[in-house]
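Undergrad: Pasting in a structure now, in structure tokens, and then I'll have a few things to ask.
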Amino acid sequence: MHIGFIGLGSMGRALARNLIKAGHDVSAWNRSALEPEAAHGITIVDGPEEAFQAEVVFTMLSDDAAIRGVVLEGALLDGARAGLIHVVTSTISIAFAEELAARHDEAGIGFVSAPVLGRPDVAARGELNVLVGGKADAVAAVEPLLAVLGRKVWQLGEIPAQANAAKIAANMMIAMAIEAMAEGVVLTESVGLGRARFFEMILGTLFAGRAYESYSAQITEGAFQPGFKARLGLKDLRLATEAGSATGRSLPMLDAVRERLSEAVSAGLGERDWSVMADVTMSGGDPSPIPAATKEKHP
């Protein structure tokens, strides 16, 4: 199948390469120039409009504004190939997902929301969980492609925004789990119980699960090497806050973890993994310096 792809960050590259490995022809465009190593194995096209001439186009862009700027303000729907299905794998707001669904309907273009659960290393292995919302015919047409990207495709309903609500809620709950582990460490380390021993007990009894396993390791090591950057996590908690406000209901735990993550980003830790918010809690608001050996090199 001829597939278009827009957005070749660490997640996007992993998705595009897995589609290529599965035998598909992928024409991709990125908003910024790519290093040759990053583009290796991917056919790069001159503009996003070329990607919208495929049978299916995926976008993995950072947020609502990026998708709006490229797709809507770029009028890509007006010149898209007839019969095209657009799959948005980004974490976007519920309101914007609803707007995208309406705009695609007006243009006669298929639209599927398919945000993913998993970090770039999980994406590279094709082991993501793919959360899917969209009309049944459009979902059926792209499901074989989504199966290439994930170990499970979760069909959540015919309204695209249902998948986006599920993704935002899941990320909110991960942030709550990170803060819960950090506060547990504050209590247990106060009497000399090491965090590694504490987490071994917790994972072996009450809290076995991928989020606890992954982020307890980050907290124990204390390096907070980025898998999901704190500034992007803060964006997702903002989306959760907006969605919560629209319901007219109070979400006090969300308010607390958003404030904690905001403190981490304000302290200059926005490029670290979002579990660095735990360090803010464990240090009493004075995060420890990141060891030199673990710092990323930036050009």
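The working numbering puts the first residue of the sequence shown at 1308, with every later residue one more than the last.
In this text, a Cβ means the ideal position worked out from N, Cα and C, and glycines have one as well.
Counting pairs of beta carbons, one from the stretch 1428-1435 and one from the stretch 1446-1466, are three or more of them closer than 8 Å?
TA: Result yes; three or more Cβ-Cβ pairs closer than 8 Å.
Undergrad: Give the DSSP-derived three-state secondary structure of residue 1328 in the structure shown.
TA: Taking the sequence shown and counting its residues from 1, the one referred to as residue 1328 is at position 21. Reduced to three states, the DSSP call for residue 1328 is helix.
Undergrad: Is the stretch 1545-1561 touching the stretch 1392-1405, taking contact as three or more C-beta pairs under 8 Å?
TA: The stretch 1545-1561, when compared against the stretch 1392-1405, does touch it at the 8 Å Cβ threshold.
Undergrad: Where residue 1349 and residue 1339 are concerned, what is the direct C-alpha to C-alpha distance, given to the nearest angstrom?
TA: Position 42 of the sequence shown, counting from 1, holds the residue named residue 1349. Position 32 of the sequence shown, counting from 1, holds the residue named residue 1339. Roughly 15 Å between the two C-alpha positions.
Undergrad: Could you round the C-beta distance between residue 1531 and residue 1573 to whole angstroms and report it? I think they count as a contact, below 8 Å.
TA: Looking up residue 1531 in the sequence shown gives position 224. Looking up residue 1573 in the sequence shown gives position 266. Residue 1531 to residue 1573, Cβ: 16 Å. No contact.
Undergrad: Tell me whether the beta-carbon of residue 1352 lies closer than 8 Å to the beta-carbon of residue 1373.
TA: For the purposes of this step, residue 1352 is taken as the residue at position 45 of the sequence shown. For the purposes of this step, residue 1373 is taken as the residue at position 66 of the sequence shown. Their beta carbons are not under 8 Å apart, which means residue 1352 does not touch residue 1373 by this criterion.
Undergrad: Tell me which same chain residues have a C-beta within less than 6 Å of the C-beta of residue 1501, skipping the five on either side of it?
TA: Position 194 of the sequence shown, counted from the first residue, corresponds to residue 1501. Taken in chain order, the list of residues that qualify is empty.
Undergrad: On the premise that residue 1443 lies in contact with residue 1465, defined as a C-beta separation below 8 Å, what is that separation, rounded to the nearest angstrom?
TA: Taking the first residue of the sequence shown as 1, we reach residue 1465 at position 158. Taking the first residue of the sequence shown as 1, we reach residue 1443 at position 136. Contact flag correct, Cβ pair sits at about 6 Å.
Undergrad: Under 8 Å between the Cβ atoms of residue 1313 and residue 1368?
TA: Counted from its first residue, the sequence shown places residue 1313 at position 6. Counted from its first residue, the sequence shown places residue 1368 at position 61. Cβ atoms of residue 1313 and residue 1368: closer than 8 Å.
Undergrad: With burial defined as no fewer than 16 other Cβ atoms inside 10 Å of the residue's Cβ, what is the status of residue 1309: buried or exposed?
TA: Your numbering for residue 1309 matches position 2 in the sequence shown. When all chains shown are included, residue 1309 counts as exposed.
Undergrad: For residue 1589, collect the residues of the same chain with a Cβ closer than 7 Å to its Cβ; drop the 5 residues on either side in sequence, then sort them by chain order.
TA: Position 282 of the sequence shown, counted from the first residue, corresponds to residue 1589. Cβ neighbours of residue 1589 beyond the five flanking positions: 1489, 1492, 1493.
Undergrad: From 1361, 1362, 1323, pick the residue whose C-alpha is nearest to that of residue 1347; which is it?
TA: For the purposes of this step, residue 1347 is taken as residue 40 along the sequence shown, with counting starting at 1. Of 1361, 1362, 1323, the residue nearest in Cα terms is 1323.
Undergrad: Taking only runs of the alpha helix (DSSP H) that begin and end inside the stretch 1433-1500, which ones reach a length of at least 4 residues, in chain order?
TA: DSSP runs (the alpha helix (DSSP H)) wholly in the stretch 1433-1500: 1443-1456, 1467-1496.
Undergrad: Whose CA, out of 1378, 1406, 1321, 1527, lies closest to the CA of residue 1503?
TA: As a first step, residue 1503 must be located in the sequence shown, where it is residue number 196. The shortest C-alpha separation from residue 1503 is found at 1527.
Undergrad: Indicate the three-state DSSP secondary structure (helix, strand or coil) for residue 1334 in the structure shown.
TA: For the purposes of this step, residue 1334 is taken as residue 27 along the sequence shown, with counting starting at 1. Here residue 1334 sits in strand by DSSP.
Undergrad: Where do the N-terminal and C-terminal ends of the alpha helix (DSSP H) with residue 1403 fall, by residue?
TA: Numbered from 1 along the sequence shown, position 96 holds the residue referred to as residue 1403. Where residue 1403 is concerned, the enclosing alpha helix (DSSP H) stretches over 1401-1414.
Undergrad: Under 8 Å, do residue 1420 and residue 1387 count as touching if we go by C-beta distance?
TA: Locating residue 1420 in the sequence shown gives position 113, counting from the first residue. Locating residue 1387 in the sequence shown gives position 80, counting from the first residue. Cβ atoms of residue 1420 and residue 1387: not closer than 8 Å.
Undergrad: Going by the CB atoms, is the gap between residue 1561 and residue 1263 shorter than 8 Å?
TA: Absent from the structure is residue 1263, since the part of the chain shown begins at 1308 and ends at 1606.
Undergrad: Tell me which residues share the same chain as residue 1486 and place their Cβ nearer than 8 Å to its Cβ, disregarding the 5 neighbours each side in the sequence.
TA: Taking the sequence shown and counting its residues from 1, one reaches residue 1486 at position 179. Closer than 8 Å at the Cβ level, and outside the excluded window around residue 1486, lie 1563, 1564, 1567, 1584, 1585, 1588.
Undergrad: For residue 1354 and residue 1341, what's the separation of their Cα atoms in angstroms?
TA: What you label residue 1354 is simply residue 47 of the sequence shown in a count that begins at 1. What you label residue 1341 is simply residue 34 of the sequence shown in a count that begins at 1. Residue 1354 and residue 1341: Cα-Cα distance of roughly 14 Å.
Undergrad: Between the Cα of residue 1345 and the Cα atoms of 1364, 1316, 1326, 1332, which residue gives the shortest distance?
TA: Here the question's residue 1345 lines up with position 38 in the sequence shown. With distances taken between Cα atoms, residue 1345 lies closest to 1316.
Undergrad: Here's the rule: buried if 16 or more other CB atoms are within 10 angstroms of the residue's CB, otherwise exposed. What is residue 1604?
TA: Position 297 of the sequence shown holds residue 1604. Below a pLDDT of 50, predicted positions are generally treated as unreliable, and residue 1604, at 32, falls in that range; the measurement from the model is reported next regardless. Result: exposed.
Undergrad: On the DSSP letters alone, give me the boundaries of the beta strand (DSSP E) that residue 1509 sits inside.
TA: For the purposes of this step, residue 1509 is taken as residue 202 along the sequence shown, with counting starting at 1. Taken as a continuous stretch (DSSP letters only), residue 1509 belongs to no beta strand (DSSP E), being part of the alpha helix (DSSP H) at 1502-1511.
Undergrad: Put residue 1339 into one of helix, strand or coil per three-state DSSP.
TA: Position 32 of the sequence shown holds residue 1339. Here residue 1339 sits in coil by DSSP.
Undergrad: Have a look at residue 1389 and residue 1529 and give me their C-alpha separation to the nearest angstrom.
TA: Here residue 1389 corresponds to residue number 82 of the sequence shown, with the count starting at 1. Here residue 1529 corresponds to residue number 222 of the sequence shown, with the count starting at 1. Distance between the alpha carbons of residue 1389 and residue 1529 is about 51 Å.
Undergrad: Which residue comes first and which comes last in the beta strand (DSSP E) that contains residue 1420?
TA: Against the sequence shown, residue 1420 aligns to sequence position 113. Its beta strand (DSSP E) spans residues 1417-1420.
Undergrad: Hey, out of 1397, 1447, 1446, whose CA is closest to residue 1423's CA?
TA: The count along the sequence shown starts at 1 and reaches residue 1423 at position 116. Checking every option, the nearest Cα to that of residue 1423 belongs to 1397.
Undergrad: Below 8 Å on the Cβ atoms is my guess for residue 1370 versus residue 1542; work out the distance and round it to an integer in Å.
TA: Sequence index remark: in the sequence shown, residue 1370 carries index 63 (1-based). Sequence index remark: in the sequence shown, residue 1542 carries index 235 (1-based). About 6 Å; that satisfies the 8 Å criterion.
Undergrad: With a Cβ-Cβ cutoff of 8 Å, do residue 1520 and residue 1510 count as a contact?
TA: Along the sequence shown, read from residue 1 onward, the residue named residue 1520 stands at position 213. Along the sequence shown, read from residue 1 onward, the residue named residue 1510 stands at position 203. Yes; because the gap between Cβ atoms is below 8 Å, this pair is in contact.
Undergrad: Going straight from the alpha carbon of residue 1380 to that of residue 1357, what length do you get?
TA: The residue labelled residue 1380 in the question sits at position 73 within the sequence shown. The residue labelled residue 1357 in the question sits at position 50 within the sequence shown. Each residue's alpha carbon lies about 16 Å from the other.
Undergrad: Closest to residue 1533 by C-alpha separation, out of 1508, 1545, 1576, 1410, would be which residue?
TA: Here residue 1533 refers to the residue found at position 226 of the sequence shown. Taking only the C-alpha atoms, the option nearest residue 1533 is 1576.
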